[in-house]
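In the UniProt record's numbering, the protein residues as written are 1 to 143.
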Ligand SMILES: [Cu+2]
């Protein structure tokens, strides 16, 4: 073979390599896109198992809750987000002790899930000593 022919073959095989690499990149990109578009958006496990029909926010400050009266439907799962907008630590405790949050610092929040099956009125309060007496009390009405 002559030198020029060899050179030609070399350059041909080089450009073929470029095509193969480019092809691979395209295929990988398509797989990536397909994966991106076909993969279902992840759903939080909770959202699948549990239908949260109500979301309530109760905020606390010195020394009251807002709102102080809440109405919910019996037997429904209720998500209560307790926000401490005050400066001191506060918590949210439902009388009976079945549902309560942790004592959290000002600026923090905690979400709990509650279910009240029995109709009635349930008092909630802050269990930090002295706070309930100072006015941190409210009522949850289950209807
Ligand atoms: Cu408190």
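Note that beta-carbon positions come from the ideal geometry of N, C-alpha and C, so glycine has one too. Please read these numbers as outputs of a predicted model, since none were measured by experiment.
Opposing strand residues paired with residue i [DSSP bridges]
i           : result
residue 90  : 104
residue 128 : Per DSSP, none; premise fails for residue 128.
Terminal residues of the beta strand (DSSP E) in which residue i lies
i           : result
residue 74  : That residue, residue 74, is in no beta strand (DSSP E); it is neither H nor E in DSSP.
residue 118 : Here residue 118 belongs to no beta strand (DSSP E), and DSSP marks it neither H nor E.
residue 138 : 137-142
C-beta contact flag for residue i and residue j at 9 Å
i           : j           : result
residue 137 : residue 119 : no
residue 91  : residue 82  : yes
residue 63  : residue 134 : yes
residue 139 : residue 123 : yes
residue 106 : residue 87  : yes
Cβ neighbours of residue i in the same chain (closer than 7 Å, five flanking residues each side left out)
i          : result
residue 71 : 141, 143
residue 61 : 85, 86
Cβ neighbours of residue i in the same chain (closer than 8 Å, five flanking residues each side left out)
i           : result
residue 111 : 79, 80, 81, 82
residue 44  : Its pLDDT being 44, under 50, residue 44 is placed unreliably in this model, and the coordinates cannot settle the point.
Using the beta carbon as the reference atom, which residues fall closer than 5 Å to any heavy atom of ligand 1, ordered along the chain?
Those residues, listed in chain order, are 90, 126, 128, 131, 136.
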